[in-house]
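Protein chains: 2
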Amino acid sequence: MAIAELSPSYPRARVHPSSLSSRFSNPLLSRRRFIPLRPSRPNGVLCSIAPNQIQVPVATPADSAGKKECFGVFCTTYDLKAEEKTKSWKSLINIAVSGAAGMISNHLLFKLASGEVFGYDQPIALKLLGSERSFQALEGVAMELEDSLYPLLREVSIGIDPYEVFQDVEWALLIGAKPRGPGMERAGLLDINGQIFAEQGKALNAVASRNAKVLVVGNPCNTNALICMKNAPNIPAKNFHALTRLDENRAKCQLALKAGVFYDKVSNVTIWGNHSTTQVPDFLNAKIDGRPLKEVINDIKWLEEEFTNIIQNRGGVLIKKWGRSSAASTAVSIADAIKSLITPTPEGDWFSSGVYTNGNPYGIAEDIVFSMPCRSQGDGDYELVKDVLIDDFLLKRLRKTEAELLAEKRCVGHLTGEGNAYCDLPEDTMLPGEM
Amino acid sequence: MAIAELSPSYPRARVHPSSLSSRFSNPLLSRRRFIPLRPSRPNGVLCSIAPNQIQVPVATPADSAGKKECFGVFCTTYDLKAEEKTKSWKSLINIAVSGAAGMISNHLLFKLASGEVFGYDQPIALKLLGSERSFQALEGVAMELEDSLYPLLREVSIGIDPYEVFQDVEWALLIGAKPRGPGMERAGLLDINGQIFAEQGKALNAVASRNAKVLVVGNPCNTNALICMKNAPNIPAKNFHALTRLDENRAKCQLALKAGVFYDKVSNVTIWGNHSTTQVPDFLNAKIDGRPLKEVINDIKWLEEEFTNIIQNRGGVLIKKWGRSSAASTAVSIADAIKSLITPTPEGDWFSSGVYTNGNPYGIAEDIVFSMPCRSQGDGDYELVKDVLIDDFLLKRLRKTEAELLAEKRCVGHLTGEGNAYCDLPEDTMLPGEM
Chain A
1 MAIAELSPSY
11 PRARVHPSSL
21 SSRFSNPLLS
31 RRRFIPLRPS
41 RPNGVLCSIA
51 PNQIQVPVAT
61 PADSAGKKEC
71 FGVFCTTYDL
81 KAEEKTKSWK
91 SLINIAVSGA
101 AGMISNHLLF
111 KLASGEVFGY
121 DQPIALKLLG
131 SERSFQALEG
141 VAMELEDSLY
151 PLLREVSIGI
161 DPYEVFQDVE
171 WALLIGAKPR
181 GPGMERAGLL
191 DINGQIFAEQ
201 GKALNAVASR
211 NAKVLVVGNP
221 CNTNALICMK
231 NAPNIPAKNF
241 HALTRLDENR
251 AKCQLALKAG
261 VFYDKVSNVT
271 IWGNHSTTQV
281 PDFLNAKIDG
291 RPLKEVINDI
301 KWLEEEFTNI
311 IQNRGGVLIK
321 KWGRSSAAST
331 AVSIADAIKS
341 LITPTPEGDW
351 FSSGVYTNGN
361 PYGIAEDIVF
371 SMPCRSQGDG
381 DYELVKDVLI
391 DDFLLKRLRK
401 TEAELLAEKR
411 CVGHLTGEGN
421 AYCDLPEDTM
431 LPGEM
Chain B
1 MAIAELSPSY
11 PRARVHPSSL
21 SSRFSNPLLS
31 RRRFIPLRPS
41 RPNGVLCSIA
51 PNQIQVPVAT
61 PADSAGKKEC
71 FGVFCTTYDL
81 KAEEKTKSWK
91 SLINIAVSGA
101 AGMISNHLLF
111 KLASGEVFGY
121 DQPIALKLLG
131 SERSFQALEG
141 VAMELEDSLY
151 PLLREVSIGI
161 DPYEVFQDVE
171 WALLIGAKPR
181 GPGMERAGLL
191 DINGQIFAEQ
201 GKALNAVASR
211 NAKVLVVGNP
221 CNTNALICMK
231 NAPNIPAKNF
241 HALTRLDENR
251 AKCQLALKAG
261 VFYDKVSNVT
271 IWGNHSTTQV
281 PDFLNAKIDG
291 RPLKEVINDI
301 KWLEEEFTNI
311 IQNRGGVLIK
321 KWGRSSAAST
331 AVSIADAIKS
341 LITPTPEGDW
351 FSSGVYTNGN
361 PYGIAEDIVF
371 SMPCRSQGDG
381 DYELVKDVLI
391 DDFLLKRLRK
401 TEAELLAEKR
411 CVGHLTGEGN
421 AYCDLPEDTM
431 LPGEM
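Top to bottom, those sequences are chains A and B.
Under the UniProt record's numbering, the residue at position 221 of the first sequence is numbered 221, and the numbers go up by one with no gaps.
Under the UniProt record's numbering, the residue at position 429 of the second sequence is numbered 429, and the numbers go up by one with no gaps.
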């Protein structure tokens, strides 16, 4: 039991009574009976301050009204509006992170807490979703977040039930996914992870903010995002993203290397399609220092035959060198993906994100999650970029990654409400070095 | 050979000719013959762009003059003064990080690159020091830094020779140290790591900026900092720091928990003395919301008997929960330590750092590195805080940690130039969960 194992630094851990009762009184939670439940954990939410140990009662402020779950020092109350330093801050936002005990999250959570992603006037609550197996590690992560004393990080809670963790979240960063077992191919992974994302979609639908933004990182991320979206009909389909930003960043770096320029000179790079080996890094529309890339890099053979492979092999090469997968740069790319939605896109540029295809101007099949070029006004929303070139070479590759995503969708019909699944994925297209 | 193992994304790796020749022409490097050399690695510095692969010649700017070592995309040239976005930036600074392939660095390097530590108008060059064994992992780290596209990160080089890596550095963050072997106590660790820090001190003395700031994290960090300082007589003794900021941060969090307030209410917490179990977290001078802490926390028994243990056991508890040592929060505390030196200390507050005791106003023995309360005007320098209370309880504990540091100093006499070592450390005082 986690309670018995609590650190001596926590005087006495206990379930917050109001949290316990809320599990059974919230009518939304009655939907849980239809969901394959993982083992229940009655004491999954901890609060390490008992009322009689708080020596200085601080007036309970509006900010903490309705706060039911907390970890350690994040159980203490505060009033942002009462203080000179913080009264101009925005209202607190809730951010859920799944796979919170994993290595990518271990980088990302500290970035979020620092203010680097959402801004230095944006206080945040982090809601960490883990598993039964990772629960102690989650406590360790929460302890390290405590010890970091980030002023903007006002609340941290940990849990293993998405219906609790996703309550009122404005952002859900879905990183957790089962890794591939030995011999497992993409189809097997689609099924096993699809079930997780179907459940998480239902939970988001039930308890998250009605305009929650959802970024899926766990693989296969495009189809996981589709499954999640289909199970959350009350959240706009446009709000679901699959992460292809690491691929975009890697593509920009390789184009910079090839052109012999610093990477800040490379813009307008689109990753099209699936986050798999069928993905299409687009050099046709890319620019170097504002000029069409092909005017600068004239090695067409390299662009057509080597460039894509280099990007796709990057993760595998990194694992060989570094001994583990690329957690730090993945976390950076997640931060980039979020920042691209909450800050205006620079004039003339765009960013890639795996988004819902309905209404796209490129002729891509509807009803899949496909990475495309996006622009944002910084309000969390985006629009697809209209003026992009598509030549025969690009089109042929778009068709291939589109076909793969349509096949992946057929594999998960049982999870999207479209009926029976029929799985005919022709080959294993997992990227080297990915889970 | 690292060259043969280079990733396919690097068209052709080669030693930069000017870098090779500089190894033998720099008169400072002739001192190397007196230093116990680790195995030489002639191709330790890589540049993955061959001149004939750079298709767009960019005018070589002043910024990159004299640049001899580089990794991947960081070999490309740039001119910060030529561009609207960057021309108001400060001049590039060189930051060396040892133990660069380790987990603490894996968090810290990305923080440095993001601008979070040195500011968003401060371009940086990262010079990564690793070992023969970790060289491939260093390449992996450099690849992830490339893929992160941080605009402020202009140069990255990797190496295993401190005389190359420390060239012209303004900051040296010395994280790397040998971990304790089975059965090894503090005395053994002092000797084995002391030799590393003696060598690195000599290298800093020979090639670093004359006003370089040196922050020692590798344990036993106080005495390692002393050894490093003694071997670098040309760098002001005041510039050497041993990290006790993680202890300070943990102390603040525990005091906040105990007081039932958010951690931003806790100030004026000093960690005195050694980064070991004799360290003295000072609750006498600490404040909660501007009031003396003891007016708020009246559980004197807890303060005197439990508080220090809780902080010291924190690392051990974290390892049990999280399965590894606290890399993320350590990196945060390193960032905090640096920021405390380059931004003015808030009015009335202070921060802890292990610094040279000569001239201290507390009656601490001279000629050791002892953590004390510091204030900075934000210029990289600091002054010791004069108006602190020292009562009998605090004094007794200061004497104990002082005695330990004097004993540690006797253990490393052979490394500080004071003659033969005489080691009489009475007990093992390594902090739980530390290397």
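Cβ coordinates follow ideal geometry from the N, Cα and C atoms, glycine included.
In this text the structure is predicted, and so the values were computed from the model without any measurement.
| Asked | Found |
| --- | --- |
| Apply the 10 Å Cβ neighbour rule to residue 285 (chain A) and answer buried if 16 or more other Cβ atoms are within range, or exposed otherwise. | buried |
| Quick check: is the beta carbon of residue 148 (chain B) nearer than 8 Å to any beta carbon in chain A? | yes |
| What residues in the stretch 238-268 of chain B have a beta carbon less than 8 Å from any beta carbon of chain A? | 246, 249, 250, 252, 253, 254, 256, 257, 258, 259, 260, 261, 262, 263 and 264 |
| Could you check what DSSP says for residue 410 (chain A) in three-state terms: helix, strand or coil? | helix |
| Is it buried or exposed, residue 72 (chain A), if we count other Cβ atoms within 10 angstroms and call 16 or more buried? | buried |
| For a test of the three-state rule: what should DSSP assign to residue 46 (chain A), helix, strand or coil? | Residue placement at residue 46 (chain A) cannot be trusted, given a pLDDT of 31 that sits under 50; what the coordinates show is reported in the next sentence. Residue 46 (chain A): coil per DSSP, three-state reduction. |
| Quick check on the burial criterion: 16 or more other C-beta atoms within 10 angstroms. Buried or exposed for residue 343 (chain B)? | exposed |
| What does a CB cutoff of less than 6 Å around residue 255 (chain A) pick up in its chain, not counting 5 residues either side in sequence? | 266 |
| Have a look at A:339, A:121, A:155 and A:192 and flag the residue whose alpha-carbon is nearest the alpha-carbon of residue 86 (chain A). | A:121 |
| Excluding the 5 residues preceding and the 5 following residue 315 (chain B) in the sequence, name in chain order all residues of the same chain whose CB lies nearer than 8 Å to its CB. | 325, 326, 431, 432, 433 and 434 |
| If we ignore side chains and look at the alpha-carbon of each, how far apart do residue 422 (chain A) and residue 412 (chain A) end up? | 8 Å |
| Could you check the C-alpha separation between residue 66 (chain B) and residue 305 (chain A) for me, to the nearest Å? | Because residue 66 (chain B) sits at a pLDDT of 36, beneath the cut-off of 50, its placement in the model cannot be relied upon, and the point is left open. |
| Counting contacts by CB-CB distance shorter than 8 Å, is residue 219 (chain B) in contact with chain A? | no |
| In three-state DSSP terms, what is residue 87 (chain A)? | coil |
| Since I believe residue 394 (chain B) is in contact with residue 269 (chain B) (beta carbons under 8 Å), could you give me their beta-carbon distance rounded to a whole number of angstroms? | Rounded, the Cβ-Cβ distance is 13 Å, inconsistent with contact. |
| If I follow the unbroken beta strand (DSSP E) through residue 340 (chain B), where does it start and stop? | Counting along the chain, residue 340 (chain B) falls outside any beta strand (DSSP E), though it belongs to the alpha helix (DSSP H) covering 327-342. |
| Given residue 339 (chain B), which residues of its chain have a CB within under 8 Å of its CB, disregarding the five upstream and five downstream residues? | 117 |
| For residue 295 (chain A), count neighbouring Cβ atoms within 10 angstroms of its own Cβ and tell me buried if that reaches 16, exposed if not. | exposed |
| Between residue 234 (chain A) and the ligand NAD, is there a pair consisting of the residue's CB and a ligand heavy atom that are separated by less than 7 Å? | Ligands are entirely absent from the displayed structure, and the ligand NAD is therefore not among its contents. |
| Compute the distance between the beta-carbons of residue 278 (chain A) and residue 429 (chain A), then report whether it is under 8 Å. | yes |
| Do you know offhand how far residue 361 (chain B)'s Cα is from residue 253 (chain B)'s? | 28 Å |
| Are the stretch 101-110 of chain B and the stretch 211-218 of chain A in contact at 8 Å, needing three or more beta carbon pairs? | no |
| For residue 136 (chain B), go through chain A and note every residue whose CB falls closer than 7 Å to its CB, in chain order. | 321 |
| Pull the bridge partners of residue 128 (chain B) from the DSSP assignment, please. | B:97 and B:158 |
| Between residue 312 (chain B) and residue 226 (chain A), what straight-line distance do the alpha-carbon atoms span, to the nearest angstrom? | 47 Å |
| With a cut-off of 8 Å on the beta carbons, I'd call residue 80 (chain B) and residue 113 (chain B) a contact; round off their distance for me. | Their Cβ separation, rounded to whole angstroms, is 16 Å, which puts residue 80 (chain B) and residue 113 (chain B) out of contact at 8 Å. |
| Using a C-beta to C-beta distance shorter than 9 Å, which residues of chain B count as neighbours of residue 107 (chain A)? | 106, 107, 110 and 328 |
| Indicate whether at least one CB of chain A lies closer than 8 Å to the CB of residue 156 (chain B). | no |
| Please list, in chain order, the chain B residues whose beta carbon lies closer than 9 Å to that of residue 140 (chain A). | 317, 318, 319, 320, 321, 322, 323, 324 and 326 |
| On the criterion of 16 or more Cβ atoms from any shown chain inside 10 Å, does residue 346 (chain B) qualify as buried, or is it exposed? | exposed |
| For a contact defined as C-beta to C-beta under 7 Å, what are the partners of residue 442 (chain B) on chain A? | Past the boundaries of the shown model lies residue 442 (chain B); chain B is included only from 1 to 435, so the question cannot be answered. |
| What are the residues in the stretch 110-135 of chain B lying within 7 Å of chain A by C-beta distance? | 110, 114 and 116 |
| For residue 442 (chain A), which residues of its own chain have a beta-carbon under 8 Å away from its beta-carbon, when the five flanking residues on both sides are left out? | This structure cannot speak to residue 442 (chain A), because chain A is shown only from 1 to 435. |
| If I measure Cβ to Cβ from residue 377 (chain B) and keep anything under 6 Å in the same chain, skipping five residues before and after, which residues do I get? | 344 |
| Taking C-beta to C-beta, are residue 166 (chain A) and residue 203 (chain A) nearer than 8 Å? | yes |
| Using alpha carbons as the reference points, say which of A:90, A:262, A:170 and A:190 lies closest to residue 438 (chain A). | What is shown of chain A runs 1 to 435, which leaves residue 438 (chain A) out entirely. |
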